[in-house]
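J.: Position 46, counted from 1, in the sequence shown is what UniProt numbering calls 46; the numbers after and before it change by one each time, with no gaps.
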Amino acid sequence: MIGNLSYNNLFDYLINNHLSNKEDLEGSKLELKDNNNFNWIIELPNKVGKLFVKQMPHYRQINIDNRITKEWHIYNYLSINKALDHTSYLIPEILHFDNQNSILIYKLANDYVTLESYYKNLNTFSDTIAILLGTTLAKLHFETMNSQECHNFITKFSQDKLQYQLPYPDYLSDYIIKYLEPESLHRTPVQAWKFLGIIQQDENVKKIIKELVLHHEHLCLTHNNIQFKNIFIHRSLDQDGLFAGYEESKNSLIKFINWEACSWGDPACDLGKAITGYFIFWLNSMITHHTIEIKKSIQLATIPLEVVQPSIGAMIKAYISIYPEILNHYTAFTKRVVQFAGLGLINQLLEEFQLQPETARNHQKIYFYIARQLLCQPEKFLSI
Numbered sequence: 001m002i003g004n005l006s007y008n009n010l011f012d013y014l015i016n017n018h019l020s021n022k023e024d025l026e027g028s029k030l031e032l033k034d035n036n037n038f039n040w041i042i043e044l045p046n047k048v049g050k051l052f053v054k055q056m057p058h059y060r061q062i063n064i065d066n067r068i069t070k071e072w073h074i075y076n077y078l079s080i081n082k083a084l085d086h087t088s089y090l091i092p093e094i095l096h097f098d099n100q101n102s103i104l105i106y107k108l109a110n111d112y113v114t115l116e117s118y119y120k121n122l123n124t125f126s127d128t129i130a131i132l133l134g135t136t137l138a139k140l141h142f143e144t145m146n147s148q149e150c151h152n153f154i155t156k157f158s159q160d161k162l163q164y165q166l167p168y169p170d171y172l173s174d175y176i177i178k179y180l181e182p183e184s185l186h187r188t189p190v191q192a193w194k195f196l197g198i199i200q201q202d203e204n205v206k207k208i209i210k211e212l213v214l215h216h217e218h219l220c221l222t223h224n225n226i227q228f229k230n231i232f233i234h235r236s237l238d239q240d241g242l243f244a245g246y247e248e249s250k251n252s253l254i255k256f257i258n259w260e261a262c263s264w265g266d267p268a269c270d271l272g273k274a275i276t277g278y279f280i281f282w283l284n285s286m287i288t289h290h291t292i293e294i295k296k297s298i299q300l301a302t303i304p305l306e307v308v309q310p311s312i313g314a315m316i317k318a319y320i321s322i323y324p325e326i327l328n329h330y331t332a333f334t335k336r337v338v339q340f341a342g343l344g345l346i347n348q349l350l351e352e353f354q355l356q357p358e359t360a361r362n363h364q365k366i367y368f369y370i371a372r373q374l375l376c377q378p379e380k381f382l383s384i
């Protein structure tokens, strides 16, 4: 038992488990991505690749599901299941799982960058990237929906129950739907409670969130955390979204990491969460402050809605073109996609309250305004 990994023992752990050598580690770039979950990214030199080191802290393993173990089982299952050819291409290379210390380590080639950094560096939004993402999600959902074996495997982790795990903070569901556990009071910033109070007072918003949480569909394998920081694309995609100098299967042009929240769930959630990423770029380009009117903030956006909107439309169209049957047995699919995008904005704001409370305070008004439009008037957005 080594306890929690830290700057002091991380490299020794990797060397002792033959996952890297001292020379490569000395020339590497180390980044701690999440202080709460102990997620490390190590970029090794000489194009060796990126190592992702995840650990469930020991103080959080009491009376809760170990998502690290679940994620390892998912990766292991998908990597050996030949029937899920497309889906197996989406996961990273698994190097190591340490059940005793709750550590999972996987690898991606240096040729992959996050979709978040890709867009930040270019500051342009290619329809081709959006089409690739929409196509990838559609294939993931369609392929797994028709797999009874996959259904049995995924639901096994929920004790044979279809327990859909929404990728939103537990206290959001607790606050809006049922009573609060006392420990929630200690881990939630005061400003977040004030924001949740605004949601609680808006009957329409509260009703729709309840509907999304309590009456979602259970149709296929869903990632449930499709954020741009969890999506990696190959560098061969140039600034015009072309597959420059890349000869391998397009299946490997895109990878998803952090599958620990996956479930047999609602495909509209994945597509909606992807749309949220585009809205975040638009909203974060605005000058926001609680003293600035919403209309003025929208006018001051350096990335206008008209810039990201074509990508959103292209992604939805690409998804439906690959998986048109979804509209037959899930008639409210496109409506739900937009509503999940709105719920994704609320979740993003709640995360900001945890990590950057002052930024969240400035974003609160505009984020809630747009989220409310998406939740309560999805048809209006779809008609644009």
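For every residue, glycine included, the Cβ atom is placed at its ideal position computed from N, Cα and C.
Quantities reported herein were computed from a predicted structural model and do not represent experimental measurements.
Between which two residues does the beta strand (DSSP E) carrying Phe157 extend?
T.: Along the sequence shown, read from residue 1 onward, the residue named residue 157 stands at position 157. Looking at the DSSP string, Phe157 is not in any beta strand (DSSP E), and its letter there is neither H nor E.
J.: Let me know if Gly3 comes out buried or exposed under the rule of 16 or more other beta-carbons within 10 Å of its beta-carbon.
T.: Translated into positions along the sequence shown, residue 3 becomes position 3. Exposed, by the Cβ-count rule.
J.: Are there 16 or more other CB atoms within 10 angstroms of the CB of Glu71, so buried, or fewer, so exposed?
T.: Indexing the sequence shown from 1 puts residue 71 at position 71. Buried, because 16 or more other Cβ atoms sit within 10 Å of the Cβ of Glu71.
J.: Shortest alpha-carbon distance to Ser338 belongs to which of Ile131, Thr87, Arg67 and Gly272?
T.: Position 338 of the sequence shown, counting from 1, holds the residue named residue 338. Sequence check: residue 338 is Val here, not Ser. Val338 has its Cα closest to that of Gly272, out of Ile131, Thr87, Arg67 and Gly272.
J.: Quick check: the Cα distance between Ser6 and Ile298, rounded to an integer number of angstroms?
T.: Within the sequence shown, the letter at position 6 stands for residue 6. Within the sequence shown, the letter at position 298 stands for residue 298. The alpha-carbon atoms of Ser6 and Ile298 are separated by roughly 43 Å.
J.: Given this structure, state the Cα-to-Cα distance separating Ile320 from Gln364, to the nearest angstrom.
T.: Taking the sequence shown and counting its residues from 1, one reaches residue 320 at position 320. Taking the sequence shown and counting its residues from 1, one reaches residue 364 at position 364. Cα to Cα, Ile320 sits roughly 33 Å from Gln364.
J.: Are His234 and Asp85 close, meaning C-beta to C-beta below 9 Å?
T.: The count along the sequence shown starts at 1 and reaches residue 234 at position 234. The count along the sequence shown starts at 1 and reaches residue 85 at position 85. No.
J.: Looking at the strands, I want to know which residues DSSP matches up with Tyr13.
T.: Mapped onto the sequence shown, residue 13 falls at position 13. For Tyr13, which the question treats as bridged, DSSP gives no partner whatsoever.
J.: Apart from the five residues just before and just after Val53, which ones in its own chain have a Cβ nearer than 6 Å to its Cβ?
T.: The sequence position of residue 53 within the sequence shown is 53, counting from 1. So the list reads Trp40 and Ile105, once near-sequence residues are dropped.
J.: For Gln55 versus Asn101, is the C-beta spacing smaller than 9 Å?
T.: Taking the first residue of the sequence shown as 1, we reach residue 55 at position 55. Taking the first residue of the sequence shown as 1, we reach residue 101 at position 101. Yes. Within cutoff.
J.: If you draw a straight line from the alpha carbon of Leu10 to that of Phe381, how long is it in whole angstroms?
T.: For the purposes of this step, residue 10 is taken as residue 10 along the sequence shown, with counting starting at 1. For the purposes of this step, residue 381 is taken as residue 381 along the sequence shown, with counting starting at 1. Those two C-alpha atoms are separated by around 47 Å.
J.: For Glu43, which of helix, strand or coil comes out of DSSP?
T.: If you number the sequence shown from 1, residue 43 lands on position 43. Correct three-state label for Glu43: strand.
J.: Helix, strand or coil for Asn63? Go by DSSP, reduced to three states.
T.: As a position in the sequence shown, residue 63 is number 63, starting the count at 1. With a pLDDT of only 42 at Asn63, under 50, the local geometry of the prediction cannot be trusted, and the value read off the model is given with reservation. Asn63: coil per DSSP, three-state reduction.
J.: With a Cβ-Cβ cutoff of 9 Å, do Pro92 and Ile257 count as a contact?
T.: Residue mapping note: residue 92 aligns to position 92 of the sequence shown, counting from 1. Residue mapping note: residue 257 aligns to position 257 of the sequence shown, counting from 1. Taking 9 Å as the Cβ cut-off, Pro92 and Ile257 qualify as a contacting pair.
J.: One question on the structure: do Cys269 and Phe368 come within less than 9 Å of each other, judged by their Cβ atoms?
T.: The count along the sequence shown starts at 1 and reaches residue 269 at position 269. The count along the sequence shown starts at 1 and reaches residue 368 at position 368. Against a cut-off of 9 Å, the Cβ pair of Phe368 and Cys269 comes out as no contact.
J.: Would you call the stretch 305-319 and the stretch 342-355 in contact, with 3 or more CB pairs under 8 Å?
T.: Judged by Cβ distances under 8 Å, the stretch 305-319 makes no contact with the stretch 342-355, as fewer than three pairs qualify.
J.: Are Thr334 and Pro378 touching if we call contact CB-CB under 9 Å?
T.: Counted from its first residue, the sequence shown places residue 334 at position 334. Counted from its first residue, the sequence shown places residue 378 at position 378. Contact: yes.
J.: With distances taken Cα to Cα, identify the nearest neighbour of Ser88 among Ser252, Asp127, Tyr13 and Glu211.
T.: The sequence position of residue 88 within the sequence shown is 88, counting from 1. Of the candidates Ser252, Asp127, Tyr13 and Glu211, the one whose C-alpha sits nearest the C-alpha of Ser88 is Ser252.
J.: Which of the three DSSP states is assigned to Glu23 in this structure?
T.: Position 23 of the sequence shown, counted from the first residue, corresponds to residue 23. It is helical.
J.: Which residue spans inside the stretch 58-128 form an unbroken alpha helix (DSSP H) run of at least 4?
T.: Listed in chain order, they are 67-80, 85-88 and 115-122.
J.: When you compare the CB positions of Val205 and Ala371, do they come within less than 9 Å of one another, or not?
T.: Residue mapping note: residue 205 aligns to position 205 of the sequence shown, counting from 1. Residue mapping note: residue 371 aligns to position 371 of the sequence shown, counting from 1. Going by C-beta atoms, Val205 is nearer than 9 Å to Ala371.
J.: Considering only C-alpha positions, which residue in the set His289, Ser117 and Ile312 is nearest to Phe279?
T.: Walking along the sequence shown from the start, residue 279 turns up at place 279. For the residues His289, Ser117 and Ile312, the minimum Cα distance to Phe279 belongs to Ile312.
J.: Could you tell me which residues DSSP pairs with Trp264 in its beta bridges?
T.: Within the sequence shown, residue 264 is the residue found at index 264, counting from 1. Answer is Leu221, bridged to Trp264.
J.: Indicate the three-state DSSP secondary structure (helix, strand or coil) for Gln55 in the structure shown.
T.: Residue mapping note: residue 55 aligns to position 55 of the sequence shown, counting from 1. In the structure shown, Gln55 sits in a strand (DSSP, three-state: E or B).
J.: For Leu32, tell me which candidate among Gly265, Ala192, Leu51 and Phe142 has the shortest Cα-Cα distance.
T.: The residue labelled residue 32 in the question sits at position 32 within the sequence shown. Minimum Cα distance to Leu32 is reached at Leu51.
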